[in-house]
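Residue numbers (the numbering used here): 8 to 269.
Ideal Cβ positions, reconstructed from N, Cα and C, are used throughout, including at glycine.
Note that the structure is predicted; figures quoted are calculated from it, not measured.
What follows is a single structure, written as structure tokens, with notes after it.
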Ligand SMILES: C[S@@+](CC[C@H](N)C(=O)[O-])C[C@H]1O[C@@H](n2cnc3c(N)ncnc32)[C@H](O)[C@@H]1O
């Protein structure tokens with residue numbers, strides 16, 4: 008499978024191509040998943056796979072999908088969204104005039120749009136700036152388009168589905184007012200552009216950092232928590248965990264939901 012390249016060479020070339028340091032992902036998991044993708048797509052090995060990655064955007068998108076199991080759905084994990092809708096978002100709307108929200112590793116937009124749909128329930132869409140970011144250009148392009156297969160919308164409450172989507176040719180299209188509410192940009196969680204932005208009131212970084220090495224996870228949690236306004240919320244994935252959150256001035260309210268204390 009390896010042709011004449013090993014993973015060290017592949018990671019080096021990939022870093023030069025994309026600026027993403029694969030060395031900061033968990034090695035065995037990442038190497039296994041890349042190996043699976045190479046076999047599945049029928050490449051001889053890492054070198055020919057890389058040569059195609061350079062010229063084929065769809066393959067690069069598939070690669071990012073494979074790296075982090077890119078599936079996402081609207082209102083993923085009911086417990087979390089129930090808490091957001093019934094407690095966290097009302098609390099934020101009571102405490103702050105304007106909310107800055109950031110969905111990091113937003114995939115195809117399911118997560119930031121779910122937040123927009125909840126805010127709309129409180130007639131508060133105009134009171135928030137929702138930013139969403141991902142490393143994957145193609146995912147961002149699809150997020151901006153906001154066209155979804157029915158299985159991505161299974162958890163959307165029926166009243167919201169009716170109000171916010173139109174159905175055509177087997178797909179659901181999100182209404183323009185919600186699309187406009189979210190600003191997408193490319194951002195690498197491993198990069199260093201965390202500074203120079205307004206403090207956030209709600210940050211979602213879900214099902215992304217579990218793929219990174221433990222020291223990298225800690226670094227990300229430190230960066231992200233420093234961006235959160237006291238009283239703001241930090242939401243992570245259900246399989247993710249922040250060890251000793253008080254180090255980052257975070258209090259665990261329920262699993263996956265943290266509040267910035269100071
Ligand atoms: C499993 S999806 C999570 C989607 C959504 N947050 C959720 O929980 O449903 C992981 C996303 O993280 C993105 N990702 C992977 N590495 C990243 C990095 N270094 N910086 C930013 N995004 C990254 C992937 O492209 C993918 O869209």
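{"Asked": "Stretch pair the stretch 50-65 + the stretch 127-142: three plus CB contacts closer than 8 Å", "Found": "no"}
{"Asked": "Short Cβ contact (7 Å threshold) for residue 227 with residue 216", "Found": "yes"}
{"Asked": "Residues sharing a beta bridge with residue 175, DSSP", "Found": "178"}
{"Asked": "Whole-angstrom C-beta distance between residue 218 and residue 74, which should lie under 8 Å", "Found": "7 Å"}
{"Asked": "heavy atom of ligand 1 below 6 Å from residue 147 C-beta", "Found": "no"}
{"Asked": "Reduced DSSP category for residue 258 - H, G, I as helix; E, B as strand; rest coil", "Found": "strand"}
{"Asked": "Nearest-angstrom Cβ-Cβ length linking residue 137 and residue 189, presumed shorter than 8 Å", "Found": "5 Å"}
{"Asked": "With 16 other Cβ atoms within 10 Å as the buried cut-off, status of residue 87", "Found": "buried"}
{"Asked": "Where the beta strand (DSSP E) containing residue 241 begins and where it ends", "Found": "235-243"}
{"Asked": "Residues near residue 149 in its chain [Cβ-Cβ closer than 6 Å; skip 5 each side]", "Found": "115"}
{"Asked": "Stretch-stretch touch, CB-based, cutoff 8 Å, three pairs: the stretch 168-188 with the stretch 85-103", "Found": "no"}
{"Asked": "Residues near residue 27 by beta carbon distance below 8 Å, same chain, minus five either side", "Found": "21, 142, 195, 197"}
{"Asked": "Integer-rounded CB distance, given that residue 234 should sit under 8 Å from residue 206", "Found": "6 Å"}
{"Asked": "Residue 71 beta carbon near ligand 1 (any heavy atom closer than 6 Å)", "Found": "yes"}
{"Asked": "Between the CA atoms of residue 240 and residue 8 - distance to the nearest angstrom", "Found": "With a pLDDT of only 47 at residue 8, under the threshold of 50, the placement of this residue in the model should not be trusted; the figure read from the coordinates follows. Rounded to whole angstroms, residue 8 to residue 240 spans 45 Å at the Cα level."}
{"Asked": "Where residue 302 falls: helix, strand or coil (DSSP)", "Found": "This structure gives no information on residue 302, because the portion of the chain shown stretches from 8 to 269."}
{"Asked": "Start-to-end residues for the alpha helix (DSSP H) that takes in residue 265", "Found": "Segment 264-267 is the beta strand (DSSP E) holding residue 265; no alpha helix (DSSP H) there."}
{"Asked": "Sequence-distant residues of the same chain with beta carbon closer than 6 Å to residue 44, five excluded per side", "Found": "73"}
{"Asked": "Buried or exposed (CB count within 10 angstroms, at least 16 for buried), residue 166", "Found": "exposed"}
{"Asked": "Proximity of residue 238 and residue 213 at Cβ, strictly below 7 Å", "Found": "no"}
{"Asked": "Cβ-based burial, residue 89 [other Cβ within 10 Å; buried from 16]", "Found": "exposed"}
{"Asked": "Under the three-state DSSP convention, the category residue 226 falls into", "Found": "helix"}
{"Asked": "Residue 107 and residue 208 closer than 7 Å at C-beta", "Found": "yes"}
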